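These notes concern the structure reproduced below.
In our numbering, the protein residues as written are 68 to 275.
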C-alpha cells in the first residue's frame, strides 16, 4: 500500500518560523498570533505584499532547516514503515523564489527531509520517493503515476481537482479547521495522531 504525503503545511509546520522571521524583520507586532496565516494576513492588510512574498523565499530557502514537523508526523511514519506501508512525498513548489535571493527551494526542502525525517539514523522516506514538482498539474500527475492508494494534503483544491487520480483516496489535513471538508464530501483529519486510527478503520488489515 502506498501513502502519498504533501510536504508544505502538511508534514512541515511553518507557524513559529514565519512569526520568528517577521519579528526579526520588524514587520509585525509582537502580540500577533503565532501562525503563518496571521503573518500573511497582517502584511497584506498593511499593504506589504512584497515583504510577504520575499519572506516566503527566505524562509523556504535560507531558514528551511529551522522549520519543524507537525506533532505526531514522525511517530506516524515510524508506525507506517513498521506496518509495511510505502511512503512518498509529492509536493509542488517553485524552484526559485519570486522575489529576493534565488535560493534553490527544492534543494532546501530535500535537505530538510534528510535531516528531519529520520528514525534511528535511517530515513523514514527514501530519497527516490521524494518528489517536488513545479506545478499543481505535475503534482497530480505524479500522484497517479506512482500509484498512491491514499493522498494526504492541506489543500482541498488538490484533492478535489478534476485530474486527481480516480483510484486514490483523498484525505484533507486541516489542523485549524479552516475548511468545511464534510460539506464538500472530503474526509478530513485535524492531526497526525488521528491518521493511524483513520487508516486502520478504513483498511482493516492494518494493525494499530
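For every residue, glycine included, the Cβ atom is placed at its ideal position computed from N, Cα and C.
Please read all numbers here as calculations on a predicted model, not as lab measurements.
Annotation for residue 120: the continuous alpha helix (DSSP H) segment containing it runs 116–128. In this structure residue 191 is in contact with residue 141, their Cβ atoms being roughly 7 Å apart against a cut-off of 8 Å. Residue pairing by DSSP puts residue 153 in a beta bridge opposite 69. In this structure, residue 68 sits near residue 152, with a CB-CB distance shorter than 7 Å. Using a Cβ distance threshold of 7 Å, residue 196 and residue 73 do not count as a contacting pair. From the listed residues 270, 186, 121, 162, the smallest Cα separation to residue 177 is found for 162. In the structure shown, residue 104 adopts helical secondary structure according to DSSP, grouped into three states. Using a Cβ distance threshold of 7 Å, residue 228 and residue 207 count as a contacting pair.
Secondary structure within the segment 168–233: the beta strand (DSSP E) runs of 3 or more consecutive residues, fully enclosed, are 197–200, 217–220 (chain order). Annotated three-state conformation of residue 136 is strand, per DSSP. DSSP places residue 255 inside the beta strand (DSSP E), whose first and last residues are 254–256.
Contact check between the segment 93–112 and the segment 253–262: fewer than three CB pairs, one atom from each, fall below 8 Å, which does not count as touching. For residue 239, the enclosing beta strand (DSSP E) has its first and last residue at 236–240. For residue 90, the enclosing alpha helix (DSSP H) has its first and last residue at 82–91. When DSSP reads this structure, residue 75 sits in a beta bridge with 79.
Contact between residue 220 and residue 199 is absent: CB atoms are separated by about 14 Å, not below the 8 Å threshold. Taking 8 Å as the upper bound for CB-CB distance, residue 150 and residue 273 are in contact here, some 6 Å apart.
Within 10 angstroms of the beta-carbon of residue 201 lie fewer than 16 other beta-carbons, which makes it exposed. DSSP places residue 260 in the uninterrupted alpha helix (DSSP H) bounded by 259–269. Rounded to whole angstroms, residue 243 and residue 82 show a C-alpha spacing of 12 Å.
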